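Residue numbers are given in my numbering: position 96 of the sequence shown equals residue 264, and the series is strictly consecutive.
C-beta atoms are modelled at their ideal positions from N, C-alpha and C, and glycine is treated no differently.
Please read these numbers as outputs of a predicted model, since none were measured by experiment.
Working notes, beginning with the structure itself.
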Amino acid sequence: MAFRFNFFIDENENNEPDTNDKMDLQLCSPKQKQESAEKSKQAADTVADSSLRLGTDKHQDETPSKKKLCLKAAKEHDIPEDLNQVLENKVLETVSDLYYINMSAVEMTCLDGSDEEGIVSKSVSSHSDLIPGVYEGGLKIWECTFDLIEYLSEAEIEFTNKTVLDLGCGAGLLGIVALRGKAEKVHFQDYNSTVIDKITLPNVVANCRNESSRGDSGDRKTSKPPLKRPRKAECLPDVLTKCRFFSGEWSEVSQLLLSSNKAFSKYDIILTSETIYNPDYYSALHDTLAQLLDRNGHVYLASKAHYFGVGGGIYLFEKFIEGRNVFRSSIVKIIDKGLQRCIMEMAFKDSS
Numbered sequence: 169m170a171f172r173f174n175f176f177i178d179e180n181e182n183n184e185p186d187t188n189d190k191m192d193l194q195l196c197s198p199k200q201k202q203e204s205a206e207k208s209k210q211a212a213d214t215v216a217d218s219s220l221r222l223g224t225d226k227h228q229d230e231t232p233s234k235k236k237l238c239l240k241a242a243k244e245h246d247i248p249e250d251l252n253q254v255l256e257n258k259v260l261e262t263v264s265d266l267y268y269i270n271m272s273a274v275e276m277t278c279l280d281g282s283d284e285e286g287i288v289s290k291s292v293s294s295h296s297d298l299i300p301g302v303y304e305g306g307l308k309i310w311e312c313t314f315d316l317i318e319y320l321s322e323a324e325i326e327f328t329n330k331t332v333l334d335l336g337c338g339a340g341l342l343g344i345v346a347l348r349g350k351a352e353k354v355h356f357q358d359y360n361s362t363v364i365d366k367i368t369l370p371n372v373v374a375n376c377r378n379e380s381s382r383g384d385s386g387d388r389k390t391s392k393p394p395l396k397r398p399r400k401a402e403c404l405p406d407v408l409t410k411c412r413f414f415s416g417e418w419s420e421v422s423q424l425l426l427s428s429n430k431a432f433s434k435y436d437i438i439l440t441s442e443t444i445y446n447p448d449y450y451s452a453l454h455d456t457l458a459q460l461l462d463r464n465g466h467v468y469l470a471s472k473a474h475y476f477g478v479g480g481g482i483y484l485f486e487k488f489i490e491g492r493n494v495f496r497s498s499i500v501k502i503i504d505k506g507l508q509r510c511i512m513e514m515a516f517k518d519s520s
């Protein structure tokens, strides 16, 4: 079953996103890249001047955002002892050599009453994949996730013995890539608890289970997509002990981690995709990154150049970062097929 990508598109935009060839993303020529980037930056400047104050005064930045943000309480989700229960009534598919739970089947189950948050019914009734403060899109796998997975491979990002956070994880594919890269610890966070319980955790278990059953071969490209119910979970216990799962708003999760009695070390790598669509969230995201990233850590962020309908985008966030003067950032990859998409790398200005 194909993925469904739901994202904001300008109705007057001539170029439609190419989702059929999502795993064959290529860079444009340097001249085209520069021209396209300049146009997007000019648009970001206009939006920033008219609708967003980007000064370094923290009070000015945060006051409007906090009025709009719903500070959804943070919660840590336990890993069930019976892993077969996690995969019960789930259907597995594959993409990018990773296993994932068929989301349409999960949505049907949630509509039958197993979704305590009610986000599936609310999403269906409102015909929207984003309901600010209620549902933040975690039941869909968004396009830029695959851009970032590809970049991590191309750039040979090293995960061995690293502590990693998949922020706004949704399906958790980025964190699963880090697990496969032998990260020491991987934590997953999504706004909605339903997403963690019904999507993220089962995906992690499914991938751990299949890693175990395949031994060290690691050859998934030759396997047929398992469009069937999974066999009994044979998950390696030491893999799951590397993982923790959290739901809730970013600042609440940060507070939970930093104030917890459990041992916590800041993250060497934070991965996040399509989390800067709404400028109202920029302060919370920036502060979360600043609080949780190790002094010499790196953030890898994937985003569209502009999100029509909500106003956010990579260049607007880049200006926001400059205004805060905490991080240095660089756009390390631009994908100019259809709607422009980018990969940004961030690190503290005073880091080595």
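In this structure, K366 and V274 form a Cβ contact; the two beta carbons are roughly 5 Å apart against a cut-off of 8 Å. In the DSSP assignment, A470 falls within the unbroken beta strand (DSSP E) covering L461 to K472. Secondary structure at A458: helix, using DSSP grouped into helix, strand and coil. In this structure, DSSP gives Q423 a helical state, which the three-state scheme calls helix. With respect to V373, V254 sits close: the two C-beta atoms are nearer than 9 Å.
Per DSSP, the beta-bridge partners of R496 are A515.
In the structure shown, C337 falls within a coil segment according to DSSP collapsed to helix, strand and coil. In this structure, the CA atom of S441 is about 22 Å from the CA atom of A241. Counting the other CB atoms within 10 Å of its CB gives G465 a total of 16 or more, which places it among the buried residues.
Note on geometry: alpha-carbon atoms of E490 and D250 lie some 47 Å from one another. F356 carries a strand assignment under DSSP once its states are collapsed to helix, strand and coil.
I344 and L266 do touch by the CB rule: their CB atoms are close to 6 Å apart, below 8 Å. The shortest CA-to-CA distance from V263 to any of C278, T313, L239 and P248 is the one to T313. If the five residues before and after D283 are omitted, its C-beta is found closer than 6 Å to the C-beta atoms of T362, all from its own chain and listed in chain order.
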